[in-house]
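Using my numbering, the first residue of the sequence shown is number 4, and each one after it goes up by one.
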Amino acid sequence: MKHLALFLSSFCSLHLSSAAPPNILYVMSDDHTSQAVGCYGSRLAKLNPTPTLDKLAAEGMRFDRVFCTNSICTPSRATILTGQCSQTNGVTDLNGVLPPERQYLPLEMRKTGYLTAMIGKWHLEAEPLSFDYYNVLPGQGKYFDPDFIVRGEKRWPKSIEKHTGYVSDVITDIGLDWLEKRDKTKPFFLMLHHKAPHDMFEFAPRYADYLQDTEIPEPDNLYDQPATGFGSIATRGANDSLVHRIGTSVSKRHPVRNYGIDFNISPGLDDHEYTHQAYQEYLKHYLRCVKSVDDNLARLFDYLKKNGLFDNTIIIYTSDQGMMLGEHDYIDKRWMYDESMRMPFIMRYPPQDQIRFGEHRPHQQHRLRAHHAGTRWHPSPFADAGPQFRRRPRRQAAHELAHRDLLPLLDAPHASR
Ligand SMILES: [Ca+2]
């Protein structure tokens with residue numbers, strides 16, 4: 004929830020009183036965990052998996068404590084779009100539906116003059132009608148030659164555009180095309196959502212050799228899990244009766260869902276070698292998909308720079324949740340551990356507002372305050388931003404938006420994040 008609160012409040016406050024509102028580019032990938040973002044300094048950082056993102060973080064701010072509250076795609080995305088926890092917005096599982104009238108974030112942005120667009124993975128079932136423009140993958144979408152749902156003559160979701168190529172490239176192409184053709188009299192709010200690196204990690208052929216001859220560093224707790232004393236009776240069962248049933252695995256531990264099966268590792272190998280080979284295949288596939296996101300971000304940022312937009316655009320990069328990359332022998336993300344709940348969250352401000360992680364720059368504080376000077380600042384982003392929210396019925400009152408104000412964190416670089 005923190006992530007939603009952070010960026011909702013920043014959006015709604017920053018643009019309210021600024022004479023020249025910055026554009027906002029919100030890029031979100033799918034299951035891109037912070038261990039696989041170089042600037043977070045995990046065991047994988049030495050592989051340099053995300054040079055573009057690392058540069059973005061070096062020029063902006065890296066948040067270390069952004070967590071989702073429901074670590075699967077649809078509920079996390081609904082939280083971001085509503086500012087509400089799952090129990091309030093009602094989207095609690097992968098079948099959840101978020102109707103247009105409750106897609107609050109784009110509704111708020113549009114009311115304050117932003118041109119809004121949603122491109123890429125949507126996964127909220129209902130039509131993203133609250134955006135001025137959308138071009139989204141059906142459900143999970145495909146990695147290769149993906150279809151997209153557009154606003155067309157046929158009713159949602161039947162107007163389909165077919166594309167050829169790799170999904171990260173196609174999503175970026177659509178984003179660039181929209182940026183080029185957009186109404187340039189308005190600031191834009193673009194949500195660009197990648198499918199990668201979601202399973203089953205189908206990478207573009209150009210990355211087939213990437214990391215091919217590299218030994219991927221392993222987590223200390225990959226083997227012989229669950230370790231003595233790890234996990235509760237809820238995850239181990241009485242007398243360890245559930246350890247082969249709960250918590251999908253890299254190793255042979257889970258007999259049905261383990262990545263050794265998915266990556267065709269010989270079941271005749273001993274446990275250690277089987278786990279080693281499954282992990283290496285898993286991480287290489289995953290990181291090749293991550294690479295497609297990072298390379299396409301470079302392409303997107305190049306466009307912004309060439310068109311004079313890079314320094315008038317707030318750029319945010321995040322993921323809908325984290326992912327277990329073999330820690331405790333787990334795969335997937337629906338287990339309540341730091342690796343799966345933590346979201347990478349990077350924000351870059353234009354250079355004149357630039358905030359370096361860990362640095363204290365008084366002039367930045369001044370500039371940030373200037374953004375909301377002249378408006379009645381309120382800790383609730385919607386108290387000022389949304390008459391709609393004040394008129395909503397009591398059961399949907401603004402206090403149910405579990406938001407948190409981001410600006411004090413930006414103002415105080417040494418504060419706990
Ligand atoms: Ca996801």
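Ideal Cβ placement from N, Cα and C applies to all residues, glycine included.
The structure presented is a predicted model; accordingly, all values stated were derived computationally and were not measured.
Opposite residue i in the DSSP bridges: which residues?
i, result
"Asn98", "None, per the DSSP bridge assignment."
"Lys165", "Asp150"
"Asn261", "Ser252"
I need the boundaries of the alpha helix (DSSP H) containing residue i, first residue and last residue.
i, result
"Lys58", "54-62"
"Glu183", "170-184"
"Ala237", "236-239"
"Tyr136", "Element bounds for Tyr136: not the alpha helix (DSSP H) but the beta strand (DSSP E), 136-140."
"Met112", "107-114"
Does DSSP put residue i in a helix, a strand or coil?
i, result
"Ile83", "helix"
"Asn224", "coil"
"Ser89", "helix"
"Gly41", "helix"
"Met121", "strand"
"Asn242", "helix"
"Tyr29", "strand"
"His275", "helix"
"Leu195", "strand"
"Arg68", "coil"
"Arg209", "helix"
"Leu50", "helix"
"Gln143", "coil"
"Leu371", "Bear in mind that the predicted position of Leu371 carries a pLDDT of just 27, short of 50, making it unreliable; the figure below should be weighed with that in mind. Of the three classes helix, strand and coil, the one that applies to Leu371 here is helix, per DSSP."
"Thr36", "coil"
"Gln215", "coil"
"Thr231", "coil"
"Thr77", "helix"
"Pro103", "helix"
"Pro190", "coil"
Closer than 7 angstroms: is that where the CB of residue i sits relative to any heavy atom of ligand 3?
i, result
"Gln143", "Among the ligands modelled here, namely ligand 1, ligand 3 does not occur."
| message | Restricting to runs no shorter than 4 residues, where is the alpha helix (DSSP H) found entirely within the stretch 282-362? | response | 341-344
| field | Touching by the beta-carbon criterion (3+ pairs, under 8 angstroms), the stretch 184-191 and the stretch 292-301 | value | no
| Counting pairs of Cβ atoms below 8 angstroms between the stretch 61-77 and the stretch 323-341, do you hit three or more? | yes
| said: With three or more C-beta pairs closer than 8 angstroms as the rule, is the stretch 321-334 touching the stretch 221-239? | reply: yes
| Cβ contact check for the stretch 246-257 and the stretch 267-280: 3 or more pairs under 8 angstroms | yes
| query | When the Cβ atoms of the stretch 317-326 are set against those of the stretch 340-351, are three or more pairs found closer than 8 angstroms? | reply | Per the Cβ contact rule, the stretch 317-326 is in contact with the stretch 340-351 (3 or more Cβ pairs under 8 angstroms).
| Between the stretch 200-217 and the stretch 305-319, do at least 3 Cβ pairs fall closer than 8 angstroms? | no
| request: Decide yes or no for the touch test of the stretch 124-136 against the stretch 96-115: beta carbon pairs closer than 8 angstroms, at least 3 of them. | output: yes
| Would you call the stretch 108-116 and the stretch 168-180 touching, i.e. three or more CB-CB distances under 8 angstroms? | no
| query | Contact between the stretch 213-225 and the stretch 140-151: three or more CB pairs below 8 angstroms? | reply | no
| task | Flag this pair as touching only if the stretch 53-68 and the stretch 79-86 have three or more C-beta atom pairs under 8 angstroms; answer yes or no. | result | no
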